[in-house]
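*Asks:*
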Ligand SMILES: Nc1ncnc2c1ncn2[C@@H]1O[C@H](COP(=O)(O)OP(=O)(O)OP(=O)(O)O)[C@@H](O)[C@H]1O
Ligand SMILES: [Mg+2]
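In this note's numbering, the protein residues as written are 14 to 334.
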């Protein structure tokens, strides 16, 4: 019986009335990241405040992994108490992910409604401005003003298009493709922007083709957003490295820059729609990318320091399955 409790995958601790721990099984010690000796310093009544029935705590275990543990307390006869520790990290992570997806969907519906209403009057302004421009002789200085109107209308139109993209992402068209070629094509598209920022691009690919099943247009869109962000993070030059690796059933694309990094206090928000720190940014690049990667059952993560940022996109080779 005691052996069974010791080996249970759920953490169990027993404590006396004062909160001093008298017993903890292996899982409990593992969750709390301490050994038997460490138990002496722990008081259960401090960990689970009096009266609170359930509580989620984030522990850093010995392996330095962060886990979320749900604590439940049961009072036993004689004033003793049992504390049950359940690892709910996975549930917690899924909950957070669902919240994020939900938020994206709501914002999407909202923007597509507004964007639609703006498009028509905008088209009217543009046609009128064009007509006016034709009426005025080209050497007239006022012609430049009208050109300005047209340029700004085009800019707004572009903005609206990205709203639409965000609101109604097209259905995935999963097909066999060469991921290496998709990456190379996308790198080609940002070369000019990189050059004007004095950014050197270095590419590291395995030899031969890297065949996967995915929607290459969507993958390109994701890469484009990440590349552009990298280039924009280095306004006074630097280098961007693109690596492609095959890892079992997955492929991993990593994009590093030597830019200014992402300050710690905004790291949890960069995938939020409309979160931007750029004067001319919309803040949709990463939230669209996040959604597209998730649609492929993949993952997009990053790490950052003041020396630069590394984005990693991992995709299953057979996203269509
Ligand atoms: N490589 C990077 N280096 C530094 N900061 C970054 C990097 N990538 C993203 N960020 C930060 O994350 C924010 C959100 O990025 P996101 O691509 O979603 O929007 P944006 O680039 O600001 O605007 P948009 O992509 O819509 O033009 C950026 O404003 C920036 O602060
Ligand atoms: Mg961006």
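Cβ coordinates follow ideal geometry from the N, Cα and C atoms, glycine included.
Look at the alpha carbon of residue 252 and the alpha carbon of residue 116, and state the distance between them as a whole number of angstroms.
*Replies:* So the alpha carbons of these two residues sit roughly 34 Å apart.
*Asks:* Is residue 210 close to ligand 2? I mean its beta-carbon at under 7 Å from any heavy atom of the ligand.
*Replies:* The answer is no for residue 210.
*Asks:* So who's on the other strand from residue 324, going by DSSP bridges?
*Replies:* 268 and 315, per the DSSP bridge assignment.
*Asks:* Using DSSP with H/G/I as helix, E/B as strand and the rest coil, what is residue 63?
*Replies:* Low local confidence applies: a pLDDT of 45 at residue 63 is under 50, so the model's placement there is unreliable, with the coordinate-based value given in what follows. The answer is coil: DSSP assigns residue 63 none of H, G, I, E or B.
*Asks:* Pick out whichever of 90, 94 and 103 has its Cα sitting closest to the Cα of residue 78.
*Replies:* It is 103.
*Asks:* In chain order, what residues place their C-beta within less than 5 Å of a heavy atom belonging to ligand 2?
*Replies:* Chain-ordered list of matching residues: 242 and 298.
*Asks:* Quick one: is residue 234 buried, meaning 16 or more other Cβ sit within 10 Å of its Cβ, or exposed?
*Replies:* Result: buried.
*Asks:* How is residue 122 classed by DSSP in three states: helix, strand or coil?
*Replies:* Note: residue 122 maps to helix in three-state DSSP.
*Asks:* If you run the structure through DSSP and keep just helix, strand and coil, what is residue 199?
*Replies:* Correct three-state label for residue 199: helix.
*Asks:* I think residue 263 touches residue 328, with their Cβ atoms under 8 Å apart; what is that distance to the nearest whole Å?
*Replies:* Correct: roughly 6 Å between the Cβ atoms.
*Asks:* So, are the CB atoms of residue 298 and residue 214 less than 8 Å apart?
*Replies:* It is not a contact, given that the beta carbons lie outside the stated cut-off.
*Asks:* Should residue 292 go down as buried or exposed, given a rule of 16 or more other Cβ atoms within 10 Å for buried?
*Replies:* Residue 292 should be labelled exposed.
*Asks:* What's the call for residue 64, buried or exposed, on a 16-neighbour Cβ count within 10 Å?
*Replies:* Reliability fails at residue 64, whose pLDDT of 44 lies under 50, so the model's placement of it is uncertain and the value that follows must be treated cautiously. Per the 10 Å Cβ criterion, exposed.
*Asks:* Considering only DSSP beta bridges, list what residue 217 is partnered with.
*Replies:* Residue 217 is bridged to 256.
*Asks:* Three-state secondary structure (DSSP) at residue 240?
*Replies:* Of the three classes helix, strand and coil, the one that applies to residue 240 here is helix, per DSSP.
*Asks:* Can you name the start and end residues of the alpha helix (DSSP H) that residue 306 belongs to?
*Replies:* Per DSSP, residue 306 belongs to the alpha helix (DSSP H) from 298 to 308.
*Asks:* Going by beta-carbon coordinates alone, are residue 187 and residue 228 separated by less than 8 Å?
*Replies:* Result yes, Cβ atoms of residue 187 and residue 228 sit closer than 8 Å.
*Asks:* Under the DSSP definition of a beta bridge, which residues are partnered with residue 56?
*Replies:* Note: residue 56 sits in a beta bridge opposite 33.
*Asks:* Check whether the Cβ atoms of residue 308 and residue 185 sit closer than 8 Å, and answer yes or no.
*Replies:* Yes, these two residues count as a Cβ contact at 8 Å.
*Asks:* If you run the structure through DSSP and keep just helix, strand and coil, what is residue 140?
*Replies:* Three-state result, residue 140: helix.
*Asks:* Determine which residues share a DSSP beta bridge with residue 331 and list them.
*Replies:* Answer is 226.
*Asks:* What's the call for residue 189, buried or exposed, on a 16-neighbour Cβ count within 10 Å?
*Replies:* The residue in question, residue 189, is exposed, as its Cβ has fewer than 16 Cβ neighbours within 10 Å.
*Asks:* Within the present structure, is the beta-carbon of residue 240 separated from the nearest heavy atom of ligand 1 by less than 7 Å?
*Replies:* No.
*Asks:* Nearest-angstrom Cα distance between residue 270 and residue 290?
*Replies:* Cα-Cα distance, rounded: 17 Å.
*Asks:* From the DSSP output, in three-state form, read off residue 134 for me.
*Replies:* Three-state result, residue 134: helix.
*Asks:* Taking only the alpha-carbon atoms, compute the straight-line gap between residue 100 and residue 20 and give it to the nearest angstrom.
*Replies:* Straight-line Cα distance between these residues: approximately 15 Å.
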